[in-house]
Each structure stands twice: as structure tokens, then as C-alpha cells.
Amino acid sequence: LFPSLERELRSELTEQADLHAIHIFSKNLGSLLLQAPLKSKVVIGLDPAYRTGCKVAVVDEYGKYLEGTTIFPVPPHNEVAQSEAVLMAIVQRRNANLIAIGNGTASRETEQFVANFIQKIKAIKPDAELNYIIVDEAGASVYSASPIAKTEFPDLDAAQRGNISIARRVQDPLAELVKIDPKSIGVGLYQHDVNQVQLQKSLDDVVESAVNTVGVNLNTASFALLTHVSGLSQKVAESIVKRREEKGPYTKREELLDVSGMGPFRFQQSAGFLRIPESPNPFDNTAIHPESYKAAEKLCAKVGINSNMINHLDAETLKKLKDLNVRKTAEELEVGVPTLELILENLMKPGRDPRDNFPQPVLRSDILKMDDLKPGQKLEGTVRNVVDFGAFVDIGVKEAGMLHVSKMTRGGDKVKDPLDVVSVGDIITVVIDSIEPERGRISLSLV
Numbered sequence: 001l002f003p004s005l006e007r008e009l010r011s012e013l014t015e016q017a018d019l020h021a022i023h024i025f026s027k028n029l030g031s032l033l034l035q036a037p038l039k040s041k042v043v044i045g046l047d048p049a050y051r052t053g054c055k056v057a058v059v060d061e062y063g064k065y066l067e068g069t070t071i072f073p074v075p076p077h078n079e080v081a082q083s084e085a086v087l088m089a090i091v092q093r094r095n096a097n098l099i100a101i102g103n104g105t106a107s108r109e110t111e112q113f114v115a116n117f118i119q120k121i122k123a124i125k126p127d128a129e130l131n132y133i134i135v136d137e138a139g140a141s142v143y144s145a146s147p148i149a150k151t152e153f154p155d156l157d158a159a160q161r162g163n164i165s166i167a168r169r170v171q172d173p174l175a176e177l178v179k180i181d182p183k184s185i186g187v188g189l190y191q192h193d194v195n196q197v198q199l200q201k202s203l204d205d206v207v208e209s210a211v212n213t214v215g216v217n218l219n220t221a222s223f224a225l226l227t228h229v230s231g232l233s234q235k236v237a238e239s240i241v242k243r244r245e246e247k248g249p250y251t252k253r254e255e256l257l258d259v260s261g262m263g264p265f266r267f268q269q270s271a272g273f274l275r276i277p278e279s280p281n282p283f284d285n286t287a288i289h290p291e292s293y294k295a296a297e298k299l300c301a302k303v304g305i306n307s308n309m310i311n312h313l314d315a316e317t318l319k320k321l322k323d324l325n326v327r328k329t330a331e332e333l334e335v336g337v338p339t340l341e342l343i344l345e346n347l348m349k350p351g352r353d354p355r356d357n358f359p360q361p362v363l364r365s366d367i368l369k370m371d372d373l374k375p376g377q378k379l380e381g382t383v384r385n386v387v388d389f390g391a392f393v394d395i396g397v398k399e400a401g402m403l404h405v406s407k408m409t410r411g412g413d414k415v416k417d418p419l420d421v422v423s424v425g426d427i428i429t430v431v432i433d434s435i436e437p438e439r440g441r442i443s444l445s446l447v
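Per the numbering used here: the sequence shown = residues 1 to 447.
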């Protein structure tokens, strides 16, 4: 009996370990997808490399690809002056205000070049708005060779497509990362060893939940992003984009009913998650479902609001909405309490992106080296990955710092699960505990 019992116990323990690893991966992926976007930035994406040079891609504030080239600022070429001249021309021509550097090969040498370049610009023009950010490029190469990338940029080579993805990740992490297989994004542990069917289902649920939490701009979303909206299949998502390309932008949600394959049931499931900022009806740019428009209009009339002016409510009107008796008003409007709460939330903050409440990514204009670090020094860092034994934190030097779970206590009880304290994408203040330059190790503790 013993071999049989051993197999059974090992199988049970493996299943438990799989579920735990999948849970951590899912939590990390959810946090990564919901990172705050950097809006209204013209971004220069840099994909570093030694021999083949750094690919440069410029995208406008809406993510549209403008131009690209290659520069050679790092060994073995070391064409620093020529590279600076090319970047300077792009910055002036496109009014670029952010440089996104991929964190792959030659990343830190490229970062040194960019930091020096920014310092030179600021020496001439101190008020110049130009910073850089290091972007995790995990999955960019997978995206660059994918059918989605080939459809989006058929005339560009794979390296340039990947670079555009790096630049766009800063502007809208969610819209860009949904195009990539979550297992290639580089968060979590053991993703290739666990039950792949369970992992895929869990990750699909996380992606769909993130997309539906944020909502999707119907006039700018790619078909890859629309595929994750509740109720929309890949075929319907492609039809939505095709109709937009043929007949121009959508002006109201009802136009979706003209799309091939949509139908009333799909419309009912998806409409509340799709936004149209250009619509004459301001409710079309909120999470209020078309079925609740009448109730929303009745509420506006009750409080004395012109429904076309919900984007310009004064403090007095906002207070009236806040002070309403929700249960009593729900009965008057003949809707459920959750529906009324959703309507109120969207009237008070129309078109709100929930990610705007999260801390913005850390932008840098100068570089830190390991030699600059000292024990006891306080720094701001970005959490890149969370695992059972702690978190890896990017503090702006070549190596990520290790924040061990034992160093996460804030003078209280022992922390059992690092996810209770930090999440991927969090901006946290840490203290340097110890540095081992020869081993490339930085030990951190939480302030």
C-alpha cells in the first residue's frame, strides 16, 4: 500500500502547490494590468542592444506610431554624439517628453547615455519637461512576432514592433499587455511547471476582470483588447473594428447593434464596459448601462441637473448627490440599490479611470549606481514581482533589490503573505539594509 499512498499524497501536495502558485501569478498579473497609465505623453521607446544598436520608436499621446530609427550610443560602436543629435532632433520635432527604455541587454548603458542626454538638455533649458523610465520588456519579443503585431504593423520589422510595445506600455499598460500571452509577461514563479489548463483559465479571468473594471474606449481599442470585454468574441471584436474603419468613429452605443454578430444579448452583456468619449450623450462615456439611462435621467431631473452637463457639476450639486437616501431613491426610481450606487458614482465622477487613483510610475532624469548606495539610505522604488519569500523592487540601479518578507513588518505582527503588504506596480519607500556589489545583491527593508 505504501507506494500508492505516497503517490496519492504527493499528488495532493502538488495540486495544492499548483493552486498557490496560480493564485500568486493571478494576483501579480492583476496588479500589473491595473498600473496607472501615463496619459498625454509623447513617448520615445528605446530597445537597447550592443552590436545591432538601439531601436528608436516614437508614439504620440494616443499610441499612434510616428517614426523610428536606430542609434548606436553603446559599445562596441560608442557613437554618442551622433546618437544625441538624432534624439535631440526627434525631441524637438515631436515635442517628446518621456523616454521609455527596455530593461533587456545593454539597458543600463543605454540608461547612462539617456541620463547624460537629459542632463545636457536641462543645462541649456532648465524647465524642459523630459524624463526617462525603465520599462519591463518581458513579452515584447513574443508580441513582435505575433499575428496581432503583424496585422498592426505589417511594414515594420519584428524588433521595431516590440519597441512600439515598450513605448505604449507606459501610456496604457492594460491595452498593450492584453495582446501578450500572460505567461510571457514575467511575473510570478513556476508558471511553466503548474497545471497549464488551470493557469490559463485563471489568467483569462484576471485579464477579463481588469479590462471590464477599467472599461474600453470603443473608438481607439484594438480588437485584441475588445476580445476581453464581457460578451464579445474575437469575431465580433474584429467586426467592431472593421465597422469603425469603414464608417468612422462610433457616436453612440446603439450603433453597436448594427455590427455583424452583435445581437441584443451580446449588446446587453458588453455595452456597460464600452466607452464613447465623443458621444453627444454623456452617459455613453460612463459605466452606466443603456438599460439604466432612463433612471439616470430621472435622477438628474430630481436633483435639478441638466443630464448633458454631468461633466461640469458644481460642489453644491455633488453634495446633493452624496447626501441622497440611496434606498428610498432606488424605490422611487424603481431600480436596485447597486444600480443606483453605480449611477451615483458615475455622475459624481463621469468618465473616471479607476487606475487614476493608483500611484503614478516613478520618472527619472538622473542615474544611480551601486557605488552611490549606502546602508540606511531611503529610496523610492517600484515593485516588479511578488513571490512567497518577498518582493523584487526596482530602485533605479542595475540590480533589483530584494525586500524579504521578514523585512516587511511595520513594527507590528509578522507578515505571512507578502501580497498583504505590496503588489506589483506599487511605489514604495524602502531603506537599504545591506549591499554586496561583488554578488550584485541589495537587501531592502520597508520604511
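Glycine included, each C-beta is placed from N, C-alpha and C at the ideal position.
Simplified DSSP assignment, three categories, for residue i
i	result
S279	coil
I118	helix
Y132	strand
E436	strand
N95	coil
I442	strand
V211	helix
V216	strand
I428	strand
E493	For the chain, the structure presents residues 1 to 447; residue 493 sits outside this window and is missing.
Y293	helix
G304	coil
Inter-residue Cα distance where the pair is residue i and residue j
i	j	result
N78	F72	6 Å
L373	T110	20 Å
V234	K320	According to the sequence shown, residue 234 is Gln rather than Val. Each residue's alpha carbon lies about 43 Å from the other.
Y132	A400	18 Å
L232	R169	24 Å
P375	S434	6 Å
I44	I99	5 Å
I236	M262	Residue identity differs from the one stated: residue 236 is Val in this sequence, not Ile. Approximately 6 Å, taken between the alpha carbons.
H192	K201	14 Å
P249	N219	6 Å
A315	A128	35 Å
V326	L344	9 Å
E255	L274	12 Å
V430	N116	26 Å
D155	L130	30 Å
R7	E15	12 Å
Proximity of residue i and residue j at Cβ, strictly below 9 Å
i	j	result
V135	I185	no
Y65	F153	yes
V405	G381	no
N163	A89	no
S165	A140	yes
L174	V211	yes
L38	Q360	yes
V386	S423	yes
D47	R94	no
D353	V214	yes
R253	I276	yes
M370	K398	yes
K41	Q171	yes
T251	N346	no
V452	D420	The structure shown does not extend to residue 452, since the chain is modelled only from 1 through 447, so no value can be given for it.
K122	E84	no
S26	L203	yes
R355	A36	yes
V335	S279	no
N97	E137	no
Host beta strand (DSSP E) of residue i (start-end)
i	result
N47	Note on residue identity: the sequence assigns Asp, not Asn, to residue 47. It spans 43-47 - the beta strand (DSSP E) in which D47 sits, taken as one unbroken run.
L313	No beta strand (DSSP E) holds L313; DSSP gives it neither H nor E.
G102	98-102
H404	401-404
S421	Before going on, a small fix: residue 421 reads as Val here, not Ser. Where V421 is concerned, there is no enclosing beta strand (DSSP E), given that its DSSP letter is neither H nor E.
K247	Run containing K247: none in the beta strand (DSSP E); it sits in the alpha helix (DSSP H), 234-247.
T14	Careful: T14 lies outside any beta strand (DSSP E), inside the alpha helix (DSSP H) at 2-33.
Neighbourhood of residue i by C-beta, 8 Å cutoff - its chain only, sequence neighbours within 5 removed
i	result
L177	L32, L33, G139, R169, I185
V492	Within the shown structure, residues of the chain are numbered from 1 to 447, placing residue 492 beyond reach of any answer.
G53	T70, I71, F72, H77
D258	R243
M348	L313, L318, L321, K322
Residue i: first and last residue of the uninterrupted alpha helix (DSSP H) it sits in
i	result
F267	263-270
F72	Looking at the DSSP string, F72 is not in any alpha helix (DSSP H), and its letter there is neither H nor E.
A330	326-333
Cβ-based neighbour list, residue i, same chain, cut-off 7 Å, excluding 5 preceding and 5 following
i	result
L333	A295, K298, L299, L340
A17	none
P350	P282, N285, T286, I310, N311
Chain B within 9 Å of residue i, Cβ atoms only
i	result
I133	In the displayed structure, chain B is absent; only one protein chain is listed.
Sequence-distant residues of its chain with Cβ nearer than 6 Å to residue i (five each side left out)
i	result
S450	Shown here, the chain extends from 1 to 447; a query on residue 450 therefore has no answer.
N28	V187, G188, V386, V424
L199	I22
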